[in-house]
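Q: Have a look at this one.
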């Protein structure tokens, strides 16, 4: 972690939020849950993000060892981003957030959401109960 962005935490939760907070980091990480993905694919999946912001957020996630960037020695250049082991530890958290979000939408709007409809987290390797508790993680 870079000392410039991360310093003087009062608890582990502050450290965690420091790493994953940012306007687009959670959205980027959600896209990476499905597996390695190229920069242009991320940009296509998140059209609202500017290239400058996407680059900045990916660099910060890389500095924090949540995301790894792999450059292939080909022409034209090919670069893929994927979750590291540390990043994969976020999978159950994303699963729990998906369950919570579904519960929230049902409670606030009365609508139900198909968990496979739009979230990449549904394809990940963790199992979370309906109440958001981690049941298992496949490695």
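Numbering (our numbering), first residue to last: 139 to 277.
Where is the CB? At the ideal position from N, CA and C, for every residue including glycine.
Keep in mind that this is a model prediction, so the values were computed, not measured.
1) Is the Cβ-Cβ distance between residue 180 and residue 169 less than 8 Å?
2) Under 8 Å, with one C-beta from each stretch per pair, do the segment 222–229 and the segment 200–210 reach the 3-pair mark?
3) Let's see if you can read the secondary structure: which residues bound the alpha helix (DSSP H) around residue 249?
4) Is DSSP giving residue 242 helix, strand or coil here?
5) Which partner residues does residue 175 have in the DSSP bridge list?
6) Is there contact between the segment 152–172 and the segment 181–195, where contact requires at least three CB pairs shorter than 8 Å?
7) Kindly indicate the opening and closing residues of the alpha helix (DSSP H) around residue 206.
8) Using the Cα positions of residue 247 and residue 214, report the straight-line distance between them to the nearest angstrom.
9) What did DSSP end up calling residue 147 once you bin it into helix, strand or coil?
10) Evaluate residue 216 with the Cβ neighbour count: other Cβ atoms within 10 Å of its Cβ, from every protein chain shown; 16 or more gives buried, anything less gives exposed.
11) If you check the beta carbons only, do residue 171 and residue 242 fall under 8 Å apart?
A: Here's the rundown:
1) Taking the chain shown and counting its residues from 1, one reaches residue 180 at position 42. Taking the chain shown and counting its residues from 1, one reaches residue 169 at position 31. For residue 180 and residue 169, yes; Cβs fall inside 8 Å.
2) At 8 Å Cβ cutoff, the stretches touch.
3) On the chain shown, residue 249 is found 111 positions in, with the first residue counted as 1. If you look at residue 249, you'll find it isn't in any alpha helix (DSSP H); DSSP assigns it neither H nor E.
4) Position 104 of the chain shown, counted from the start, is the residue given in the question as residue 242. Looking at residue 242 - three-state DSSP - the assignment turns out to be helix.
5) Here residue 175 refers to the residue found at position 37 when the chain shown is read from its first residue. For residue 175, DSSP records a beta bridge to 219.
6) Output reads yes: the segment 181–195 touches the segment 152–172.
7) Taking the first residue of the chain shown as position 1, residue 206 is located at position 68. Residue range 205–210 is occupied by the beta strand (DSSP E) that includes residue 206, with no alpha helix (DSSP H) assigned at that position.
8) Position 109 of the chain shown, counted from the start, is the residue given in the question as residue 247. Position 76 of the chain shown, counted from the start, is the residue given in the question as residue 214. Straight-line Cα distance between these residues: approximately 47 Å.
9) Looking up residue 147 in the chain shown gives position 9. In the structure shown, the three-state DSSP call for residue 147 is coil.
10) Residue 216 sits at position 78 when you count from the first residue of the chain shown. Counting of Cβ neighbours within 10 angstroms places residue 216 among the exposed residues, the total staying below 16.
11) Along the chain shown, one-based indexing puts residue 171 at 33. Along the chain shown, one-based indexing puts residue 242 at 104. By the CB criterion at 8 Å, residue 171 and residue 242 fall outside the cutoff.
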